[in-house]
Amino acid sequence: MAPSWFQILIVVVLLVLLFGRGKISDLMGDVAKGIKSFKKGIAEDESE
0 MAPSWFQILI
10 VVVLLVLLFG
20 RGKISDLMGD
30 VAKGIKSFKK
40 GIAEDESE
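So the sequence shown is residues 0 to 47, counted in the working numbering.
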């Protein structure tokens with residue numbers, strides 16, 4: 000059973016209240032940097 004939009008909205012609101020918008024955006028930025036670094040490492044490994 001998939002969660003409804005209302006349930007997803009409640010979870011998002013709780014996350015924003017717990018962590019704050021700034022901390023969540025910092026965390027997402029760190030995740031994006033990690034993914035870019037991982038892809039770069041994979042590309043370098045394939046070129047060798």
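All C-beta atoms, glycine included, are put in the ideal place defined by N, C-alpha and C.
For the 8 Å CB-CB criterion, L14 and I7 do not form a contact. Look at G40 here: in three-state DSSP terms it is helix. M27 has its alpha-carbon roughly 21 Å from the corresponding atom of I41.
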